[in-house]
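What follows is a single structure, written as C-alpha cells, with notes after it.
In the working numbering, the protein residues as written are 12 to 274.
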C-alpha cells in the first residue's frame with residue numbers, strides 16, 4: 012500500500028544531463044525561460060539569494076514606473092550568473108559553471124527535474140492520472156562550492172479519468188491545502204550536480220501511488236531502467252524482503268551526476 016506520510020526519498024529522482032543539453036538551442040531555451048520569469052513580475056518564481064529575479068532586473072524610469080530588463084543575449088545571462096551566483100569561485104571555474112548553467116537551467120533542466128520526472132513517470136505508469144504543472148518556487152543560493160538550488164513544487168489538485176471515462180477532480184487536503192508537495196535540493200558545481208535530498212508530502216492517497224512502490228514482480232521487470240533501480244533501492248530501506256540495501260558506491264551514483272562533456 013502506498014504511504015501518504017511525509018518522508019525523505021533520495022531515490023525519487025531522474026535526470027539526464029546529456030539529453031538536457033543535446034538540443035542545439037539549449038542555450039537559447041535557457042535565455043528565453045529566464046527572460047520569461049523576469050517579465051512575470053507578479054508571479055515570478057525564480058529567486059536569486061532570496062531576491063525575486065524580476066526585482067534584480069528592474070530599473071526605475073523617469074516617470075516613476077518600473078521596467079524589467081530582460082537579458083539581451085546568452086553572454087549577458089552568463090555574466091549575470093557569474094556576478095550573482097558564481098561570485099565565490101575562481102574566474103576559470105566560474106566561467107565553466109556559467110557555461111553549464113546556460114545549457115541546463117531551462118524549463119526542462121535541473122531546477123525542474125523532480126517535476127519533469129514526476130510528470131513523465133505518471134504519464135507512463137499512471138496514464139489515468141493527469142499531473143498538472145505545480146505551483147513552484149526555485150531558489151538559487153550562491154555557496155563556496157557553487158550554487159544550492161531548491162525546487163519546491165505544490166500540487167493543489169489533480170484530475171483522474173475513471174474507467175467509465177468520467178472525470179474526477181481531486182482537490183487539496185483540507186488541512187494542508189494541497190494533494191502533494193515536493194522539495195528537492197541540489198548542489199550545482201562547475202564539475203557536477205549533487206542531489207542533497209528530496210522531501211515528499213502527499214496527503215492525497217491517490218497521488219501517493221505515483222510517488223510510492225509497485226508490486227515486487229512489476230519492479231523486477233523494470234530494473235533495466237536506471238530510475239527503477241534507484242526506486243527499488245529506496246523500497247529496500249523501508250520494506251525488508253524486497254531487495255538488498257544499496258552499497259555506498261550505488262548510493263553515490265544515484266546522487267552525484269557529472270556534467271556532460273562540452274564539445
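Positions of the beta carbon are idealized from the N, C-alpha and C atoms, including for glycine.
- In this structure, the straight-line span from the alpha carbon of residue 206 to that of residue 200 is close to 11 Å.
- Of the candidates 139, 209, 184, the residue whose Cα lies closest to the Cα of residue 175 is 139.
- In this structure, residue 109 sits away from residue 26, with a CB-CB distance that is not shorter than 8 Å.
- Between the C-alpha atoms of residue 62 and residue 179 there is a straight-line separation of about 39 Å.
- Taking every protein chain shown into account, the CB of residue 102 has fewer than 16 other CB atoms within 10 angstroms, so this residue is exposed.
- By the 16-neighbour rule on beta-carbons within 10 angstroms, residue 219 is buried.
- Judged by beta-carbon spacing, residue 117 lies within the 8 Å limit of residue 41, meaning their Cβ atoms are closer than that value.
- Residue 37 and residue 47 have their C-alpha atoms some 15 Å from each other.
- With distances taken between CA atoms, residue 113 lies nearest to 85 out of 159, 85, 197.
- Look at the segment 132-214 and you find these whole runs of beta strand (DSSP E), each 3 residues long or longer: 146-153, 158-166, 168-172, 178-182, 191-199, 203-212.
- Assigned with DSSP and collapsed to three states, residue 268 falls in strand.
- With fewer than 16 other beta carbons inside 10 angstroms of its own, residue 134 counts as exposed.
- The continuous stretches of beta strand (DSSP E) do not include residue 121, and DSSP gives it neither H nor E.
- Residues of the same chain with a CB within less than 7 Å of the CB of residue 50, apart from the 5 flanking positions on each side, are 79, 81 in chain order.
- Distance check between residue 197 and each of 131, 83, 154 places 154 closest, using alpha-carbon atoms only.
- Per DSSP, reduced to three states, the secondary structure at residue 63 is strand.
- In the three-state scheme derived from DSSP, where H, G and I count as helix and E and B as strand, residue 69 is classed as strand.
- The Cβ neighbour count for residue 188, taken over all protein chains shown within 10 Å, is under 16; the residue is labelled exposed.
- Residue 161 is positioned such that its CB atom lies no closer than 8 Å to that of residue 142.
- The alpha-carbon separation between residue 214 and residue 149 amounts to approximately 22 Å.
- If you draw a straight line from the Cα of residue 68 to the Cα of residue 126, it is about 26 Å long.
- In terms of Cβ geometry, residue 96 and residue 151 form a close pair [threshold 8 Å].
- Exclusion of the five residues before and after residue 99 leaves 153, 154, 155 as the residues of its chain whose Cβ lies within less than 8 Å of its Cβ.
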